[in-house]
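Since the structure comes first, as structure tokens, the remarks are kept for the end.
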Amino acid sequence: MSHSSLITVRGLAKSFGDHTVLRDIDLTVNRGDVVALIGPSGSGKTTVLRCLIGLETPDAGVVTVHEGAGSTPGFDVDFAALSPKARREQQGRLRDLSAMVFQQYNLFPHRTVLQNVIEGPVLVQKRDKAEATAEALELLERVGLKEKANSFPHELSGGQQQRVGIVRALAQRPALLLFDEPTSALDPELVGDVLRVIRELAEQGWTMLIVTHELQFARQVASRVVFMADGVVVEEGPAAQVLGAPQAERTQQFVRRLTHPGEDD
Ligand SMILES: Nc1ncnc2c1ncn2[C@@H]1O[C@H](COP(=O)(O)OP(=O)(O)OP(=O)(O)O)[C@@H](O)[C@H]1O
Ligand SMILES: [Mg+2]
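Structure representation (structure tokens):
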């Protein structure tokens, strides 16, 4: 597996009004990496993902997409330096690079599972409908949902809907898969199926950035863990190190709280 950089973030900053959420975020995701992004509620994890996929506009920072990512020749997005028009163009390129799996699935309620999955490939990417449909059915089969292709989202369990959400992201063939707490809206007994699918994607070599509070899962699946708090990356490194033997006091507290909930320190 190659470990060249896919995407690098330098100095990402974002405020909402006078509330500064991201101060100075540095982050690199290498090809084939599974990076778990962890941190307290409100620390800006979702905001980082939204900036990376062009849904949010940072105040400053440079996102570099390295050559060979997807079909792109490589480009820099320097948010502070761009005119609004150039910025929107570059955000479109960021959107093409990645696909995001949301906490609340975000499936279209009045479209079938299959229609939800082929929407991006056919309408946005202009791929052949028959080919996109065949690929969608194959992906649905891999997550055990082929027989639900013509069902509507409300006819599925939360875990099944989330697996459709994952298939919808995969169908876009993104260079980078972003997950925002993909299991936090699920009943505990449904979490396992979704985590298993994500683990299989990791084995297949997909590059993923996963916001999660499931430290056990992060430890098993992530190659690297990034802990952010107070607008910066406090600590990052191999999963076993950051979660097993964190260096920073702030990381130690966080890991201890999530590992032993209910115990105060
Ligand atoms: N569109 C917005 N307008 C105003 N404030 C926002 C907006 N989006 C996020 N925020 C604020 O930014 C901060 C970071 O939000 P974000 O959703 O990125 O945190 P998070 O780390 O994902 O938290 P959680 O773990 O609870 O999901 C929060 O204080 C939030 O209220
Ligand atoms: Mg969030």
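Residue numbers (our numbering): 1143 to 1407.
Using N, Cα and C, we set each Cβ at its ideal position, and we do this for glycine too.
Under the three-state DSSP convention, the category residue i falls into
i               : result
histidine 1355  : coil
glycine 1203    : strand
histidine 1296  : helix
threonine 1150  : strand
valine 1285     : coil
asparagine 1172 : strand
lysine 1156     : strand
arginine 1235   : helix
leucine 1279    : helix
leucine 1197    : coil
arginine 1269   : coil
leucine 1249    : coil
glycine 1404    : coil
methionine 1143 : With a pLDDT of only 46 at methionine 1143, under 50, the local geometry of the prediction cannot be trusted, and no value is derived from it.
Extent of the continuous alpha helix (DSSP H) to which residue i belongs
i              : result
glycine 1300   : 1300–1313
threonine 1401 : 1391–1401
valine 1190    : 1187–1194
aspartate 1335 : 1330–1345
leucine 1318   : First-last for leucine 1318: 1318–1322, but that is the beta strand (DSSP E), not the alpha helix (DSSP H).
valine 1259    : 1255–1261
Limits of the beta strand (DSSP E) - the one that residue i falls within
i            : result
proline 1103 : Only positions 1143 to 1407 of the chain appear in the structure, and residue 1103 is not among them; the question remains open.
alanine 1223 : Looking at the DSSP string, alanine 1223 is not in any beta strand (DSSP E), and its letter there is neither H nor E.
serine 1408  : Past the edges of the chain, shown from 1143 to 1407, lies residue 1408, and the structure says nothing about it.
serine 1240  : 1240–1243
valine 1367  : 1366–1371
Closest by C-alpha distance to residue i, when choosing among the options
i                  : options                               : result
isoleucine 1167    : Gly1153, His1161 and Arg1173          : Gly1153
arginine 1173      : Gln1362, Leu1256, Trp1348 and Leu1357 : Trp1348
valine 1259        : Arg1305, Leu1169, Glu1231 and Leu1357 : Arg1305
isoleucine 1340    : Ser1326, Glu1331 and Phe1321          : Phe1321
alanine 1371       : Thr1170, Lys1288, Leu1279 and Gly1184 : Gly1184
valine 1243        : Ala1223, Arg1366 and Ala1313          : Ala1313
leucine 1408       : Pro1295, Thr1393 and Arg1237          : With the chain represented from 1143 up to 1407, any question about residue 1408 goes unanswered, as that position is not in the structure.
histidine 1296     : Phe1250, Gln1257 and Ala1311          : Phe1250
arginine 1230      : Val1255, Gly1262 and Ile1195          : Ile1195
aspartate 1175     : Pro1215, Arg1366, Leu1385 and Gly1181 : Arg1366
phenylalanine 1217 : Leu1169, Thr1150, Leu1164 and Gly1386 : Thr1150
serine 1146        : Glu1198, Thr1206 and Leu1197          : Thr1206
isoleucine 1180    : Gln1383, Gln1389 and Val1375          : Val1375
arginine 1338      : Pro1226, Val1285 and Ala1276          : Val1285
leucine 1298       : Leu1332, Thr1162 and Val1353          : Leu1332
threonine 1199     : Gln1389, Ala1311, Ala1228 and Asp1335 : Ala1228
threonine 1189     : Ala1387, Val1384, Gly1373 and Ala1382 : Gly1373
Buried or exposed (CB count within 10 angstroms, at least 16 for buried), residue i
i                  : result
alanine 1272       : exposed
histidine 1208     : buried
serine 1240        : buried
leucine 1265       : exposed
alanine 1364       : buried
phenylalanine 1221 : buried
methionine 1143    : Bear in mind that a pLDDT of 46 at methionine 1143, under 50, signals an unreliable position, so the model cannot answer this.
threonine 1401     : exposed
glutamine 1346     : exposed
glutamine 1362     : exposed
glutamate 1378     : buried
aspartate 1160     : exposed
aspartate 1201     : exposed
glutamine 1358     : exposed
aspartate 1329     : exposed
glycine 1203       : buried
glycine 1301       : buried
glutamate 1342     : exposed
glycine 1307       : buried
arginine 1310      : buried
Closer than 6 angstroms: residues whose CB approaches a heavy atom of ligand 1:
Phe1158, Val1163, Gly1181, Ser1183, Gly1184, Ser1185, Gly1186, Lys1187, Thr1188 and Thr1189
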